[in-house]
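Once you know that position 24 of the sequence shown is 24 in the UniProt record's numbering, the rest is easy, because the numbers rise by one and skip nothing. Notes for the one structure printed next.
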Amino acid sequence: MFHKILIANRGEIAVRIIRACKEMGIRSVAVYSEADRDAMHTRLADESVCIGPAPSNQSYLNIAALMAAAELTDAEAIHPGFGFLAENAEFASIVNESGLVWIGPTPESMRIMGDKVTAKKKMVDAGVPLVPGSDGAVETVEEARAIAKEAGFPIIIKASAGGGGRGMKVVHSETSLANAFSMCKSEAASCFGDDTVFIEKYLEQPRHIEVQVLGDTHGNLIHLFERECSMQRNNQKVLEEAPSAFLDPETREKICAAGVAAAAAVDYEGAGTIEFLMNSDKSFYFMEMNTRIQVEHPVTEWITGVDLIEWQIRVAYGEKLAFSQENIKIKGHAIECRINAEHPFKFTPSPGTVELYHAPGGRSVRVDSQLYTGYKIPPHYDSMIGKVITHARDREKCIRRMQRAIDELVILGVTTNQELHQRLLANPGFQSGDFNIHFLEKWLNQMS
Ligand code: ADP
């Protein structure tokens, strides 16, 4: 096994990876910006290296500084976590070419899946269903108009290089099409350095359901069932569950098989997620593949018993998966609530000093967080400060367990979205399990 791994990330995911390393007997190297000198990941790792000033582009996105830190500490592999450089194929290539191991898929799989237009072309060949829309990139407004006419409004214009819920525009009628099209193209150019856009039919009330896959370097590729991620605001997930309350066994088998087919099409190695949209008639369409570990991976770990970070590391080292598809069974239900340092209903970020932190505990409660009493949340990064995950025999019991866990959580000094979760968990619409990706925003609009 590796002796030493460098973690090119911060926050709770860096802590999560350091914990996995410790349990595997691997030494961990944290990297930190000047704003993260006192961060949990900096403290927990066996070694830590400062890689630059607070702004991400000078630290966590600084490839030269990261490579120098790896060299300095004699690390053998780099785990990118999620966000920052996790889906940057160029960084993955540099890591590999320097003789280090990239804990993730091959740069080639990342390149194909990272470009949504290329990814969709690959999916057509693999027989994975796609949302109706353009065959590939759309160059002109005239072209956009023709596609919109055929698919029917509303449509969604997306940046091929987009991600994280950015670079998308919904268009409801022909009147606003020309304007939206040119805006989307210029935004894509300035945000992602690539103005390629494409068009999909905008599904009115879909659910977001995604399939976790795991592959090794010996050709074994399995799925670990699905996650329900429809509880979103601004295309950002707020609460996730596994399994989805909406799927019957037959649909589950179909969507999971489609997930494996999608990953197999790019010879996928490591942990990855295929995101689908599902209509109320249970038809589903490929949206994109995330070629990295995801925020919501703990719900899958809990229902399957597989430690996903451990297996990312093992397969990167060249080990074979120690289990096959038949060994993976769903046990109970798991829910994750993302805890953000932001106003629960206005969503304004709230960095600052945590005066008091008390994590919930008890049976089947897991907390992945970088918080501690006295920690100063820097204003430079993502507002997510942790995740509370619960598991139970069934969904109803899991919700009740989460309610009491969220009630137990104490974070003083900064505003968090704790109350949003309390109210959401008590909401009959959420409890019924019958909701789509617009549920949360509709409910928030009614409240204000
Ligand atoms: P990103 O890469 O930014 O995450 P995605 O393509 O995964 O972008 O889309 C993010 C979210 O946008 C989805 O979870 C869904 O809520 C919404 N969305 C994307 N495409 C469509 C579509 N064709 N119809 C309806 N909603 C969509």
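Backbone N, C-alpha and C fix where the C-beta goes; we use that ideal spot for every residue, glycine too.
DSSP-derived helix/strand/coil call for residue i
i: F323; result: coil
i: P132; result: coil
i: E253; result: helix
i: H172; result: coil
i: L221; result: strand
i: D407; result: helix
i: Y372; result: coil
i: E269; result: coil
i: Q312; result: helix
i: I17; result: helix
i: K329; result: coil
i: residue 468; result: Outside the displayed span of the chain (1 to 448) sits residue 468, for which this structure offers no information.
i: K120; result: helix
i: Y32; result: strand
i: E342; result: strand
i: A45; result: coil
Alpha carbon of residue i to alpha carbon of residue j, nearest angstrom
i: I17; j: P154; result: 41 Å
i: F323; j: E143; result: 48 Å
i: L277; j: H208; result: 5 Å
i: G133; j: E319; result: 40 Å
i: R227; j: R401; result: 19 Å
i: D195; j: K185; result: 5 Å
i: S33; j: L6; result: 15 Å
i: S350; j: I377; result: 9 Å
i: A257; j: L440; result: 29 Å
i: E12; j: V266; result: 29 Å
Buried versus exposed call for residue i [16 or more other C-beta atoms within 10 Å across all chains shown]
i: Q232; result: buried
i: Q205; result: exposed
i: F430; result: buried
i: K116; result: buried
When the options are compared against residue i, the one with the closest alpha-carbon
i: D216; options: A159, F192 and L308; result: L308
i: A69; options: V315, S48, F284 and E87; result: S48
i: A75; options: V31, D115 and T106; result: V31
i: Y285; options: A65, L130 and K120; result: L130
i: T304; options: S350, G374 and I222; result: I222
i: residue 523; options: M287, R314 and G433; result: With the chain covering 1 to 448 only, the question about residue 523 has no answer from this structure.
i: E71; options: A89, E396, I94 and Q58; result: I94
i: V299; options: I335, N445, P53 and W311; result: I335
i: G167; options: T175, S182, S176 and A178; result: S182
i: L214; options: T42, L177, S186 and E269; result: E269
i: A65; options: F91, A405 and L44; result: F91
i: E150; options: S173, G165, V128 and A161; result: S173
i: Y357; options: G163, H391, I328 and L409; result: L409
i: Q312; options: G81, I63 and G52; result: G81
i: M1; options: E310, T175, Y372 and A341; result: E310
i: G332; options: Y202, H391, A89 and V138; result: H391
i: G162; options: E326, N235, N57 and L224; result: N235
i: N9; options: E97, S28 and T373; result: S28
At 3 residues or longer, and completely inside the segment 273-299: list those beta strand (DSSP E) runs for me, N to C.
Within the segment 273-299, the complete beta strand (DSSP E) runs of at least 3 residues are 284-290.
Runs of beta strand (DSSP E) wholly within the segment 48-109 (minimum 3 residues, chain order)
Entirely contained in the segment 48-109, the beta strand (DSSP E) runs reaching 3 residues are, in chain order, 77-79.
Where are the alpha helix (DSSP H) runs, 4 residues long or more, that stay fully inside the segment 398-448, in chain order?
418-425, 428-432 and 439-447
Every unbroken beta strand (DSSP E) within the segment 134-193, with a cutoff of 3 residues, ordered by chain:
Every unbroken stretch of the beta strand (DSSP E) spanning 3 or more residues and falling wholly within the segment 134-193 is given here in chain order: 155-163 and 166-171.
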